[in-house]
Amino acid sequence: MKRNSSDRMITHARTAAMALVALLLVVAGFWTSWDDAQHVLLSKGREHGTLRIESCDEEVCTGPYTPTGTAGARDEVTIERSVAVRKGETLTVVLRPGTGEAVRTGPAGGLFAWLPLGGALLLAALVIGGGMRLTRAAWVSAGVGGALLVAAFLAL
43 MKRNSSDRMI
53 THARTAAMAL
63 VALLLVVAGF
73 WTSWDDAQHV
83 LLSKGREHGT
93 LRIESCDEEV
103 CTGPYTPTGT
113 AGARDEVTIE
123 RSVAVRKGET
133 LTVVLRPGTG
143 EAVRTGPAGG
153 LFAWLPLGGA
163 LLLAALVIGG
173 GMRLTRAAWV
183 SAGVGGALLV
193 AAFLAL
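Going by my numbering, the first residue of the sequence shown is number 43, and it counts up by one from there.
Structure, rendered in structure tokens:
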């Protein structure tokens with residue numbers, strides 16, 4: 043049976059809509075990741091040091107900060123609470139400019155910052171494979187997102 047032009051138009055419209063959804067997912071994941079990743083990747087000129095975790099509540103952990111450069115020590119700096127942050131642990135961190143908020147550095151911190159992008163790539167893989175019928179591209183997206191999540195898990 044021959045497909046008419048309206049069937050092709052609907053197919054192309056569906057593919058375009060799914061491409062937009064997949065793009066939106068990846069851009070949102072990148073944007074969310076970039077909030078922390080910029081401090082890890084572009085850390086030149088920022089305040090570096092170590093943070094010893096003394097207490098944690100539901101959302102953040104706090105502790106004294108010791109700088110590696112000429113900046114002054116701080117009694118209380120906060121870091122986002124995660125499964126990788128434990129009381130008594132000492133972390134290498136970089137401070138967000140103008141705040142008392144720390145972001146973990148090094149390979150573990152870099153991978154942890156990109157976790158939202160990894161999740162977005164996994165979600166986009168479902169849209170790419172199911173909505174756009176591009177199975178190879180979906181497997182690539184899922185593979186990269188899954189590898190990022192596994193690498194972050196192992197690094198932390």
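Heads up, the beta-carbon is just placed ideally off N, CA and C, and yes, glycines get one too. Just so you know, these numbers come straight off a predicted model, no measurement behind them.
- Here isoleucine 121 carries a strand assignment [DSSP, helix/strand/coil].
- According to DSSP, alanine 144 shares a beta bridge with Ile121 and Leu137.
- In the three-state reduction of the DSSP assignment, arginine 175 falls in the coil class.
- If you draw a straight line from the Cα of alanine 70 to the Cα of alanine 162, it comes to about 8 Å.
- Counting along the chain, the unbroken beta strand (DSSP E) around arginine 94 starts and ends at 90–94.
- Distance from serine 85 to valine 119 at the Cβ level is roughly 16 Å; contact not present, criterion being Cβ atoms closer than 8 Å.
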